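Peer 1: In terms of the working numbering, the sequence shown has 158 at position 160, counting the first letter as 1, and numbering is strictly consecutive. Supplied in structure tokens, the structure appears directly below.
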Amino acid sequence: MKRGKIWAVGGGKGGTGKSFITSSMGTALALKGSKTILIDADLGGANLHTFFGLNRPRYSLSDFFDKKVPLQEIILQSGIPNLGLITGSIGSLDSEGINHAQKQKLFRHIRTLDADHILIDLGAGTHNNTLDTFLLADNMIVVTVPEITALENMYHFIKSAYFRKMKFIFKTYNLNATIQDLWKNRASHNISSLKDLITHLKESSDHIRNIFDSEMSGFAVHIIVNQVRTPRDILVGLNLKSVCMNFMGLPVIYSGYSRQDDAVQKNINSKEPFMIFNRLSPVVKEVKTMTENILTGTNISVRKDLDDGCLSKIL
Ligand SMILES: Nc1ncnc2c1ncn2[C@@H]1O[C@H](COP(=O)(O)OP(=O)(O)OP(=O)(O)O)[C@@H](O)[C@H]1O
Ligand SMILES: [Mg+2]
């Protein structure tokens, strides 16, 4: 059995559209013919099933955690061919509800699911359980809206994920005391940012530089800007890219954007999956584009979209 690609969708701030984007990208993959499973890992505020018009899921992750039902057996039909759904219900990955052993068991089961793509919808915030689930993914995706508070939370989320991964890696090399000492005495080393810390560590020895090159160089986050209303909002993604590179030294991929469309809310309220009931909405095309870009690791062609006047056509 082949191992499916794992996608995790997070981003720090609540209400930016993580669940909408996860459900829509999952639908786009399934419509292409890929066997896809969505997992609602926002256990405290689980609502992914609502995007498919499902009221009371028959099974949920609590059957997996409490009744020891294998993950593969609690997959529900989403109503869309090729698209399965694992719902969350009680407890929260953000709380102390899930302990270390349960988390590891969940990750083991996720890795063995029979699917081409497994998309995990994360809750808001930067709890360690949320970050660990994000780091499990082959495709790490953050969804933001073009508002300063969401952008701040997103930077914090990306930095926290990077730092957590760095700590794990250094632990395996018995070097975590090195990071901790350095961070504790950062003022005396003139370290004021994550980028400074990374530079300092890389310059401290060839061994550490090699660890960064081999273990951390693959850390690339995909950014999606949701609910854009103006061409300037689309450009926010480009600014995010340069801020992440210049201030954190982290490469990010601007995978796509999706405009604000009142039909999203209407469809949720009338229990109609957006991607199926709005085939003519530009959002459907935008979701398909971001999905394709994530599959191929491509940046969106922002300039081309702006030159085409893509937003002015409907606004
Ligand atoms: N592109 C869009 N256009 C219009 N409304 C949208 C769009 N994307 C999301 N919304 C609306 O924003 C609200 C929040 O979306 P969603 O539940 O996907 O966010 P979330 O990030 O998953 O939130 P939480 O952090 O609470 O899990 C929903 O009511 C949804 O209808
Ligand atoms: Mg959500």
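Cβ atoms here follow ideal geometry from the backbone N, Cα and C, with glycine treated the same way. These numbers come from a predicted model, not from an experiment.
1. Three or more C-beta pairs closer than 8 Å, one from the stretch 39 to 47 and one from the stretch 187 to 202: is that the case here?
2. Among the residues of its own chain, which have a CB less than 7 Å from the CB of Ser90, if the five just before and after it don't count?
3. Quick one: residues in its chain with C-beta nearer than 8 Å to the C-beta of Val219, no 5 flanking neighbours on either side, listed in chain order?
4. Strictly closer than 6 Å from CB to any heavy atom of ligand 1: give me those residues in the order they appear in the chain.
5. Is it a yes or a no for the stretch 73 to 89 touching the stretch 23 to 33, going by three-plus beta-carbon pairs under 8 Å?
6. Would you kindly report the start and end of the unbroken beta strand (DSSP E) that includes Lys3?
7. Which one or two residues does DSSP pair with Ile37 in a beta bridge?
8. Evaluate Phe166 with the Cβ neighbour count: other Cβ atoms within 10 Å of its Cβ, from every protein chain shown; 16 or more gives buried, anything less gives exposed.
9. Rank Thr20, Ile146, Gln100 by C-alpha distance to the C-alpha of Asp130 and give the top, closest one.
10. How about the stretch 103 to 115 and the stretch 206 to 222: do they share at least three Cβ pairs that are nearer than 8 Å?
11. For Pro229 versus Leu304, is the C-beta distance shorter than 9 Å?
12. Could you name the residues of the same chain whose beta carbon sits closer than 6 Å to that of Ile266, not counting the 5 residues immediately before and after it, in chain order?
13. By how many angstroms is the C-alpha of Gly295 removed from the C-alpha of Gly216?
14. Please state the DSSP three-state secondary structure of Ser299.
Peer 2: On the basis of the data shown:
1. Too few Cβ pairs lie closer than 8 Å, so no.
2. The sequence position of residue 90 within the sequence shown is 92, counting from 1. Summary for Ser90: the model assigns pLDDT 48, below 50, so the residue's position carries little reliability; its value from the coordinates is reported in the next sentence. Once the five neighbours on either side are set aside, the close Cβ partners of Ser90 are Leu41, Gly42, Gly121.
3. Here residue 219 corresponds to residue number 221 of the sequence shown, with the count starting at 1. Closer than 8 Å at Cβ, skipping near neighbours: Met138, Ile139, Val140, Ile156, Ala159, Cys242, Leu248, Val250, Ile251.
4. Listed along the chain, these residues meet the criterion: Gly12, Gly13, Thr14, Gly15, Lys16, Ser17, Phe18, Asp40, Gly43, Gly121, Ala122, Asn224, Gln225, Ser256, Gln258, Asp259, Val262, Gln263, Ile266, Val281.
5. Judged by Cβ distances under 8 Å, the stretch 73 to 89 makes contact with the stretch 23 to 33, as three or more pairs qualify.
6. Your numbering for residue 3 matches position 5 in the sequence shown. First-last of the beta strand (DSSP E) with Lys3: 3 to 8.
7. Counting from 1 along the sequence shown, the entry for residue 37 is found at position 39. DSSP, once it has assigned bridges, lists Ile84, Ile118 as partnering Ile37.
8. Taking the sequence shown and counting its residues from 1, one reaches residue 166 at position 168. So Phe166 ends up on the exposed side.
9. Translated into the one-based positions of the sequence shown, residue 130 becomes position 132. The residue from Thr20, Ile146, Gln100 with its alpha-carbon nearest to that of Asp130 is Gln100.
10. Counting Cβ pairs under 8 Å, fewer than three are found: no touch.
11. To locate residue 229, count along the sequence shown from 1; it is residue 231. To locate residue 304, count along the sequence shown from 1; it is residue 306. Cβ distance < 9 Å, so Pro229 and Leu304 count as in contact.
12. Taking the sequence shown and counting its residues from 1, the one referred to as residue 266 is at position 268. The answer is none, since no qualifying residue turns up.
13. Residue numbering aside, residue 216 sits at position 218 when the sequence shown is read from its first letter. Residue numbering aside, residue 295 sits at position 297 when the sequence shown is read from its first letter. Approximately 12 Å, taken between the alpha carbons.
14. Stepping through the sequence shown from its first residue, residue 299 is reached at position 301. In this structure, Ser299 counts as coil in the three-state DSSP scheme.
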